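Enquirer: One structure coming up, written as C-alpha cells, with questions to follow.
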Amino acid sequence: TVAEDVAGGNMVFTVTLNNAVSGGTTVAYSFMDGTATGGGVDYTGTPSNLTFTGTANETQTITVPIVDDNIVEGTETFTVQLGTPTNGVTLAKGSATGTITDDDTANLSIADATVAEDVAGGN
890 TVAEDVAGGN MVFTVTLNNA VSGGTTVAYS FMDGTATGGG VDYTGTPSNL TFTGTANETQ
950 TITVPIVDDN IVEGTETFTV QLGTPTNGVT LAKGSATGTI TDDDTANLSI ADATVAEDVA
1010 GGN
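So the number in the numbering used here is just where the residue sits in the sequence shown, counting from 1, plus 889.
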C-alpha cells in the first residue's frame, strides 16, 4: 500500500527465489487493472522479465511508478502477475496486489452575500 503522494512515487514489489536453482530462472511479469488504471493514469506498469542467477533467497524487485493525479477517487488497486518461470521453478504465490491510497481532497464553499435594504427588487 502506498499513498499517491509518497516520496519518489514508486511502489516496490519484491520477488524471492527461495532455493538455489542450477542455471537460474527467468519469469515474466505483467499488470492487471483493478480499480486503478495503468498506462500512466493511476500507475505506470511496464511488463518485463526478472532474471535470477539461481542463488538461494535471491531477490529481484518490480518498481511501479504511481501517478499523483489530483483527482478524488478513493483507494484503488491493481495486480502484478507472474508468468511461468523457466528451469522447473514453480510459483508459490503468483500475484500480488498494489493498493494506492488516495490523498486528494475536494471542498465546496459558499460565498457571503450582501444587499442594501433599499435596492429595487431586493436582490
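Glycine included, C-beta positions come from ideal geometry on N, C-alpha and C.
Remember, predicted model here, so these are calculated numbers, not experimental data.
#1: Gly963 to Gly923, Cα distance in whole Å?
#2: Does Asn959 have its Cβ less than 7 Å from a Cβ in chain D?
#3: Using 10 angstroms around the beta-carbon of Gly929, count the other beta-carbons present and answer buried if the total reaches 16, otherwise exposed.
#4: Where does the unbroken beta strand (DSSP E) through Asp992 begin, and where does it stop?
#5: Tell me where the beta strand (DSSP E) around Tyr918 begins and ends.
#6: May I ask you to list the residues that DSSP assigns as paired with Ser937?
#7: How about the stretch 994 to 1003 and the stretch 931 to 947: do they share at least three Cβ pairs that are nearer than 8 Å?
#8: May I have the straight-line CA-CA distance separating Gln949 from Leu997, to the nearest angstrom?
#9: Suppose you measure from the CA of Ala995 to the CA of Asp957; what does that come to, to the nearest Å?
#10: Pull up the DSSP beta-bridge partners for Ser984, would you.
Expert: According to the data block:
#1: Start at 1 with the first residue of the sequence shown, and residue 963 comes out as number 74. Start at 1 with the first residue of the sequence shown, and residue 923 comes out as number 34. Gly963 and Gly923 have their C-alpha atoms spaced approximately 13 Å apart.
#2: Here chain D cannot be found, since the structure has a single protein chain.
#3: The residue given as residue 929 occupies position 40 in the sequence shown. Flag for Gly929 reads exposed.
#4: Residue numbering aside, residue 992 sits at position 103 when the sequence shown is read from its first letter. Per DSSP, Asp992 lies in no beta strand (DSSP E) segment and is marked neither H nor E.
#5: Position 29 of the sequence shown, counted from the start, is the residue given in the question as residue 918. Segment 914 to 922, the beta strand (DSSP E) holding Tyr918.
#6: Translated into positions along the sequence shown, residue 937 becomes position 48. Answer is Tyr918.
#7: Counting Cβ pairs under 8 Å, fewer than three are found: no touch.
#8: As a position in the sequence shown, residue 949 is number 60, starting the count at 1. As a position in the sequence shown, residue 997 is number 108, starting the count at 1. Taken atom to atom, the span from the alpha-carbon of Gln949 to that of Leu997 is near 46 Å.
#9: For this step, residue 995 is matched to residue 106 along the sequence shown. For this step, residue 957 is matched to residue 68 along the sequence shown. One C-alpha to the other measures close to 15 Å.
#10: Indexing the sequence shown from 1 puts residue 984 at position 95. Its beta-bridge partners are Gln970.
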